Amino acid sequence: MATAGRDLLLLRAYRGEPVERVPVWFMRQAGRCLPEYRQVRTRWSLLEICRTPALAAEVTLQPVRRLGVDGAILFSDIVVPLAASGIDLEIVPEVGPVISEPIRGERDLRRLRDFEPGRDAPYIGEAVRLAITELDVPLIGFAGGPFTLASYLIEGGPSKTHARTRAMMHSEPLLWRTLLERLADIAAASLRAQVTAGARAVQVFDSWAGALDPDSYRRHVLPATRRLFDSLADLGTPRVHFAVGTGELLELMAAAGSDVIGVDWHVTLDSARRRLGALPVQGNLDPAACLAPWPVLREQVDAVLNRGGGAGHVFNLGHGVLPETPPDTLKRVVEHVREHEGATRTPEPVGA
Ligand code: 1CP
Numbered sequence: 001m002a003t004a005g006r007d008l009l010l011l012r013a014y015r016g017e018p019v020e021r022v023p024v025w026f027m028r029q030a031g032r033c034l035p036e037y038r039q040v041r042t043r044w045s046l047l048e049i050c051r052t053p054a055l056a057a058e059v060t061l062q063p064v065r066r067l068g069v070d071g072a073i074l075f076s077d078i079v080v081p082l083a084a085s086g087i088d089l090e091i092v093p094e095v096g097p098v099i100s101e102p103i104r105g106e107r108d109l110r111r112l113r114d115f116e117p118g119r120d121a122p123y124i125g126e127a128v129r130l131a132i133t134e135l136d137v138p139l140i141g142f143a144g145g146p147f148t149l150a151s152y153l154i155e156g157g158p159s160k161t162h163a164r165t166r167a168m169m170h171s172e173p174l175l176w177r178t179l180l181e182r183l184a185d186i187a188a189a190s191l192r193a194q195v196t197a198g199a200r201a202v203q204v205f206d207s208w209a210g211a212l213d214p215d216s217y218r219r220h221v222l223p224a225t226r227r228l229f230d231s232l233a234d235l236g237t238p239r240v241h242f243a244v245g246t247g248e249l250l251e252l253m254a255a256a257g258s259d260v261i262g263v264d265w266h267v268t269l270d271s272a273r274r275r276l277g278a279l280p281v282q283g284n285l286d287p288a289a290c291l292a293p294w295p296v297l298r299e300q301v302d303a304v305l306n307r308g309g310g311a312g313h314v315f316n317l318g319h320g321v322l323p324e325t326p327p328d329t330l331k332r333v334v335e336h337v338r339e340h341e342g343a344t345r346t347p348e349p350v351g352a
């Protein structure tokens, strides 16, 4: 058992309450760079791990044991609820999710059934229940955001430009709206099931929403994302909203109603805080800085901590851990963040 303090640190920071030190965890800390994860992957595919609670729970725990982070993130993938809702897909190593029949028109929407986690994906809640029996830090549940899920469904796989997705958004707004609402509902159902099973915070990864201009985001994504966050409000669980390349979208992301904004590394945290008012922030070390020599990395970690301002900041990367990151480097970052002084300092009144 850990002390009650460590148990609550992350949740207190997510609520903007004063903390003794800034909590730290890493997006994509499970899987990716850990040798013990790669060992598991030699025997099972990614989706097999996601659908086998004992394996998913084990991989969830690995980074907590090795790195000493202040939060665990459930091992799963953003496309798992889509597969459980009738979408035929594979997760191809070195590529990512590949959809066999992409959604291109109204008729394709029929393949996306309603999602009832207890019936369609009981292994998600089971993995959460198993993992938390061995955790002394909060478990973070997660889901994909509506734009990012739509992009995989429409493009059929990873895309650099999301051009087909944006084209559908502009040219078929009604179809787009229906699709995004259904994806928001699928994500919400998955997050609710994770919280019911014991997750104590949730994060929506709308990773590729930064592909949009502000007007399009406001018009075509914000309503669905707001619907997603609104539908979780009664749970009282801290809700984090993260995307990449969102310098122009931060205020709009905040308008979607989460409790915390995940900031990627393109925006400095002090400017993000000024723009977001009192909303707590999470981030935002450049993941590639973890490949630099320690003195360089340390300086960048300190810059993030100083700009984060202490209270209302959860230290994280600005996007996921890069696969080539040495695990010992992540451990060193955790230790350094823990030693940082000034976490109790209340930030300057933001927006003043
Ligand atoms: O900490 C963790 O790694 C937990 C597990 C986790 C999470 C949080 C996985 C397992 N996937 C995700 C989220 C996820 N999946 C996101 C949002 C976060 C982000 O932006 O990184 C996205 C966009 C995906 C889609 C996905 N799955 C990709 C990206 C492809 C693209 O468009 O560039 C890839 C490569 C995957 C496969 C995948 N999912 C997870 C792992 C560990 C892997 C790597 C492959 C493997 O081990 O076989």
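Under our numbering, think of the first position of the sequence shown as 1, with each following residue one higher.
Cβ atoms here follow ideal geometry from the backbone N, Cα and C, with glycine treated the same way.
Remember, it's a predicted structure, so these values are computed and weren't measured experimentally.
By how many angstroms is the C-alpha of Thr-268 removed from the C-alpha of Arg-338?
Roughly 21 angstroms separates the two Cα atoms.
Assuming Leu-276 and Glu-324 are in contact, meaning their beta carbons sit under 8 angstroms apart, how far apart are those beta carbons, in whole angstroms?
Wrong, their Cβ atoms sit about 32 angstroms apart, outside the cutoff.
Secondary structure at Glu-324, three-state DSSP: helix, strand or coil?
Three-state DSSP puts Glu-324 in coil, outside helix and strand.
Measure the alpha-carbon distance for Asp-114 versus Asp-213 and round it to whole angstroms.
Each residue's alpha carbon lies about 30 angstroms from the other.
Could you pull out every unbroken alpha helix (DSSP H) segment of at least 4 residues lying fully inside the segment 21-58, listed in chain order?
Runs of the alpha helix (DSSP H) inside the segment 21-58: 35-41, 46-50.
Could you spell out where the beta strand (DSSP E) holding Val-204 opens and where it closes?
Here the beta strand (DSSP E) through Val-204 covers 201-205.
Return yes when at least one heavy atom of the ligand 1CP lies under 7 angstroms from the C-beta of Ile-140, else no.
Answer for Ile-140: no, Cβ out of range of the ligand 1CP.
Give every residue of the same chain whose Cβ lies closer than 8 angstroms to the Cβ of Val-98, excluding the five residues on either side of it in the sequence, and list them in chain order.
Result list for Val-98: Leu-89, Glu-90, Ile-91, Val-92, Gly-156, Gly-157, in chain order.
Sort Phe-147, Leu-153, Leu-149, Thr-60 by Cα distance to Val-137 and report the nearest one.
Among Phe-147, Leu-153, Leu-149, Thr-60, the Cα nearest to that of Val-137 is on Thr-60.
Closer than 6 angstroms by C-beta to Arg-307: which residues in its own chain qualify, once you throw out the five before and the five after it? Chain order, please.
Result list for Arg-307: Thr-268, Leu-269, Asp-270, in chain order.
Based on the DSSP secondary-structure assignment, which residues constitute the bridge partners of Asn-284?
Asn-316.
Just to check, is the beta-carbon of His-241 closer than 7 angstroms to a non-hydrogen atom of the ligand 1CP?
No, since every heavy atom of the ligand 1CP falls outside the 7 angstroms radius drawn around the Cβ of His-241.
Roughly how many angstroms separate the alpha carbons of Arg-166 and Val-334, rounded to a whole number?
Near 39 angstroms, if we compare the C-alpha coordinates of Val-334 and Arg-166.
I want to check one thing, is the minimum distance from the CB of Asp-114 to the heavy atoms of the ligand 1CP below 7 angstroms?
Answer for Asp-114: no, Cβ out of range of the ligand 1CP.
Going by Cα to Cα distance, which pick from Leu-179, Val-204, Ser-216 is closest to Pro-238?
For the residues Leu-179, Val-204, Ser-216, the minimum Cα distance to Pro-238 belongs to Val-204.
Any heavy atom of the ligand 1CP closer than 7 angstroms to the CB of Ser-190?
Outside the cutoff, so no.
Drop a sphere of 10 angstroms on the beta-carbon of Gly-105, count the other beta-carbons inside from all chains shown, and report buried for 16 or more, exposed for fewer.
Gly-105 should be labelled exposed.
Do you know how far the Cα of Ala-311 is from the Cα of Gly-16?
Each residue's alpha carbon lies about 6 angstroms from the other.
Can you check DSSP and say which residues form a bridge with Arg-15?
DSSP output for Arg-15 lists no bridge partner at all.
Of the residues Ala-131, Val-22, Met-168, which one's Cα is nearest the Cα of Ile-73?
The residue with the shortest Cα to Cα distance from Ile-73 is Ala-131.
Where Thr-52 and Ala-121 are concerned, what is the direct C-alpha to C-alpha distance, given to the nearest angstrom?
Straight-line Cα distance between these residues: approximately 11 angstroms.
Could you check which residue in Ala-243, Gly-118, Leu-112 has the C-alpha nearest to that of Phe-147?
Looking at the Cα atoms, Ala-243 is the closest of the given residues.
I'd like the span of the alpha helix (DSSP H) that includes Phe-142, first residue to last.
Taken as a continuous stretch (DSSP letters only), Phe-142 belongs to no alpha helix (DSSP H), being part of the beta strand (DSSP E) at 139-144.
Is Ile-73 close to the ligand 1CP? I mean its beta-carbon at under 7 angstroms from any heavy atom of the ligand.
Yes, since a heavy atom of the ligand 1CP falls inside the 7 angstroms radius drawn around the Cβ of Ile-73.
Does the beta-carbon of Asp-77, which I'm using as the reference point, lie nearer than 7 angstroms to any heavy atom of the ligand 1CP?
Flag set: Cβ of Asp-77 near the ligand 1CP.
Got a sec, what are the start and stop residues for the alpha helix (DSSP H) Glu-357 sits in?
Examination of residue 357 is not possible in this model, given that the chain is present from 1 through 352 alone.
Please classify Thr-42 as buried or exposed, where buried requires at least 16 neighbouring CB atoms within 10 angstroms.
Classification for Thr-42: exposed.
Rounded to whole angstroms, what's the CA-CA distance from Ala-303 to Ala-254? Just pull it up for me.
Each residue's alpha carbon lies about 24 angstroms from the other.
With a cut-off of 8 angstroms, do at least 3 Cβ pairs link the segment 215-222 to the segment 181-189?
The segment 215-222, when compared against the segment 181-189, does not touch it at the 8 angstroms Cβ threshold.
To which residues of the same chain is Gly-96 closer than 7 angstroms at the C-beta, ignoring the five residues directly before and after it?
Here the set comprises Gly-157, Pro-158.
Taking the alpha carbon of Val-22 as the reference point, which residue from Thr-196, Pro-293, Asp-70 has its own alpha carbon closest?
Of Thr-196, Pro-293, Asp-70, the residue nearest in Cα terms is Asp-70.
Check whether the Cβ atoms of Val-321 and Pro-287 lie closer than 8 angstroms to each other.
Their beta carbons are under 8 angstroms apart, which means Val-321 touches Pro-287 by this criterion.
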